[in-house]
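Okay, so here's the structure we're looking at.
Residue numbers (our numbering): 3 to 640.
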């Protein structure tokens with residue numbers, strides 16, 4: 003797929019004459035993240051380099067892609083709203099569910115559920131077939147593990163989505179089946195005559211206490227003319243006697259919107275213990291308290307009774323968040339006013355947000371937030387054409403207010419539907435969390451033009467990027483390009499990410515799948531599990547906006563960013579108390595080739611800059627010393 007896209011897509015933006023040249027004047031560069039105001043920058047002095055080469059170090063571990071399933075075409079897995087990858091952290095298992103077909107078996111009307119241990123290349127599968135005359139479409143799949151069970155055969159797959167018959171779209175299906183094929187129980191509900199879309203596959207999830215939830219956005223009318231009828235939520239509970247899920251009547255949630263049409267970027271997420279859930283999307287709310295500027299902001303409903311009733315959360319003015327003021331452009335008419343704007347149907351094509359709920363029951367929304375050029379009623383659809391496009395984790399504080407952390411810059415625009423594949427894609431931003439919700443993660447796919455030396459303007463060769471935030475310590479990681487320069491560089495299409503991560507000691511593994519597409523959207527795809535995507539506890543080193551102190555007795559040293567790199571890279575050092583700090587770089591022979599001279603630094607976070615212009619390509623180690631503490635990490639010079 004990489005070669006196909008490079009030939010068919012990259013020619014439209016032009017290849018550089020020399021593969022090693024960098025001509026990025028027309029590309030929006032990803033900026034190194036701002037940490038906090040007042041951070042000190044310390045430069046280095048050069049020492050003679052003697053290293054001549056080395057193997058690439060992959061900071062995210064040994065990556066491996068395993069073929070686990072296939073589909074007849076891209077429509078089996080293309081929607082980000084589908085739950086395709088999920089995990090059972092306590093069992094250390096990962097699950098993949100999709101509309102099947104293609105080279106690995108079953109038909110395009112079936113659902114295949116595949117499962118394997120995290121980091122394992124051995125997977126099993128079970129095929130769910132529909133009733134005669136029906137065809138599964140756009141399915142979501144998640145797996146429940148009953149309390150005390152250790153046998154995968156007794157785990158229960160939950161599935162939902164739309165189905166068709168010979169005449170076309172028919173209705174929705176939902177139900178469950180054990181992974182050994184027993185206790186299959188599926189329900190098929192026909193659409194009402196006035197339904198245009200009602201797919202019942204948004205945010206399918208199951209909590210530890212055995213409650214399953216899935217949502218649908220209901221559109222009444224036809225493709226030529228339709229109105230948003232809000233959401234529908236289906237709730238179920240596990241019945242230990244039957245090993246099935248008992249389903250309750252549909253619950254309707256209909257927000258009052260300023261304009262007709264669909265709600266964008268819908269999500270349904272629940273807290274670790276299932277006591278709190280959120281149903282959300284972006285839209286223009288009819289209530290000016292919720293939408294004071296008439297723009298697309300999150301519309302959020304909350305439940306505390308397992309989805310039986312839903313109440314709208316309190317209004318909040320997102321323009322009051324300091325992180326937005328520090329990173330987004332102000333309006334032209336008022337340079338003191340920054341008005342954030344989420345995805346909308348006129349701008350860009352950045353279609354989705356990720357969402358999760360943390361250990362405190364607070365909602366997190368990860369997505370692209372842009373600046374508003376003007377809040378004049380005649381100019382609401384305008385935006386800055388040259389502004390940076392940024393990803394934020396926007397989250398509740400628990401007291402009715404919200405906060406945000408800048409995650410990373412988006413490096414390319416979306417690929418639109420006019421490309422040779424026939425279907426476009428964006429960065430597919432998704433969120434995950436630990437089993438207890440103490441850490442949350444953002445994962446997405448993007449193309450880094452600086453890595454390729456090619457003037458990519460759109461997301462044609464996506465890599466897997468990820469970022470993590472520790473809610474309890476208020477420490478977060480640097481964003482990491484996991485697949486850059488690896489065997490899978492630029493070949494990470496149709497990304498799906500589990501809503502749960504798997505903890506193994508100090509490592510937090512993020513289950514990820516990508517797909518190998520054919521030449522067009524109608525050709526079969528092979529789906530692959532990408533193992534080796536993880537953060538270590540030591541990677542959480544940057545202080546969030548609510549903290550001013552490093553935990554006592556800790557020297558926190560980040561992985562250098564960017565890495566691999568040429569030119570300069572930066573290391574963040576956080577101190578709990580003042581100390582003399584130095585940084586030394588060593589080659590594989592143990593020779594000191596670069597150093598930042600020791601200087602006295604105060605408590606807090608500081609950036610040390612590494613200028614590698616004098617170093618040859620290869621693998622190096624850098625050692626940060628503060629008083630009696632030392633931290634060693636590896637880096638790659640390209």
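All C-beta atoms, glycine included, are put in the ideal place defined by N, C-alpha and C.
- In summary, residue 337 is exposed, with fewer than 16 beta-carbon neighbours lying within 10 Å of its beta-carbon over all protein chains present.
- Judged by their CB atoms, residue 87 and residue 76 are not nearer to each other than the 8 Å cut-off.
- Distance between residue 321 and residue 342, taken at the CA atoms: about 6 Å.
- Rounded to whole angstroms, the gap between the alpha carbons of residue 191 and residue 138 is 13 Å.
- The residues 188 and 190, in chain order, have a CB closer than 8 Å to that of residue 133 in the same chain once the five nearest residues on each side in sequence are set aside.
- Judged by beta-carbon spacing, residue 430 lies beyond the 8 Å limit of residue 140, meaning their Cβ atoms are not closer than that value.
- Each residue's CA atom was taken as its position, placing residue 502 and residue 442 some 9 Å apart.
- Within a 10 Å sphere around the beta-carbon of residue 445 sit 16 or more other beta-carbons, which makes this residue buried.
- In this chain, the beta strand (DSSP E) harbouring residue 164 covers 158-167.
- Residue state for residue 67 is assigned as strand, using DSSP reduced to three classes.
- In the structure shown, residue 125 adopts coil according to DSSP, grouped into three states.
- Residue range 594-603 is occupied by the beta strand (DSSP E) that includes residue 600.
- Within the same chain, 72, 73, 74 and 526 come within 6 Å of residue 104 by CB-CB distance, once the 5 residues on both sides are set aside.
- Annotation: residue 563 to residue 467 spans about 13 Å, alpha carbon to alpha carbon.
- Distance check between residue 392 and each of 603, 368, 405 and 577 places 368 closest, using alpha-carbon atoms only.
- DSSP places residue 451 in the uninterrupted alpha helix (DSSP H) bounded by 451-454.
- Residue pairing of residue 299 in beta bridges, as defined by DSSP: 285.
- For the 8 Å CB-CB criterion, residue 612 and residue 587 form a contact.
- Residue pairing by DSSP leaves residue 489 without any beta bridge partner.
- Counting the other Cβ atoms within 10 Å of the Cβ of residue 243 gives fewer than 16, which makes it exposed.
- Between the beta-carbon of residue 201 and that of residue 218 there is about 6 Å, and that keeps the pair under the 8 Å contact cut.
- Under the DSSP assignment, residue 327 falls in the alpha helix (DSSP H) whose first and last residues are 324-329.
- The count of Cβ pairs closer than 8 Å, one atom from the stretch 141-155 and one from the stretch 199-214, reaches three, so the stretches are in contact.
- Apart from sequence neighbours up to five positions away, the residues of its chain that approach residue 310 with a beta-carbon distance below 8 Å are 237, 250 and 253, ordered along the chain.
- Uninterrupted beta strand (DSSP E) stretches at least 3 residues long and entirely within the stretch 84-121 occur at 87-90, 95-101 and 113-119, given in chain order.
- In the three-state scheme derived from DSSP, where H, G and I count as helix and E and B as strand, residue 76 is classed as helix.
- The DSSP-derived three-state label of residue 539 is helix.
- Of the candidates 355, 323, 371 and 363, 323 places its Cα closest to the Cα of residue 403.
- In the displayed model, residue 155 falls within a helix according to three-state DSSP.
- Between residue 584 and residue 599 a beta carbon distance of about 7 Å is seen, short of the 8 Å cut, so the two are scored as contacting.
- In the DSSP annotation of this structure, the continuous segment of the beta strand (DSSP E) that includes residue 498 starts and ends at 495-499.
- Separation of the CB atoms of residue 557 and residue 577 is rounded to 7 Å, and the pair is thereby assigned contact status at 8 Å.
- Taking the Cα of residue 601 as reference, the smallest distance to any Cα among 569, 595, 628 and 365 is reached at 628.
- With a contact defined as Cβ atoms closer than 8 Å, residue 515 and residue 532 qualify at about 7 Å.
- Under DSSP, residue 460 takes part in a beta bridge, and its partners are 415.
- Residue 397 and residue 580 have their C-alpha atoms spaced approximately 32 Å apart.
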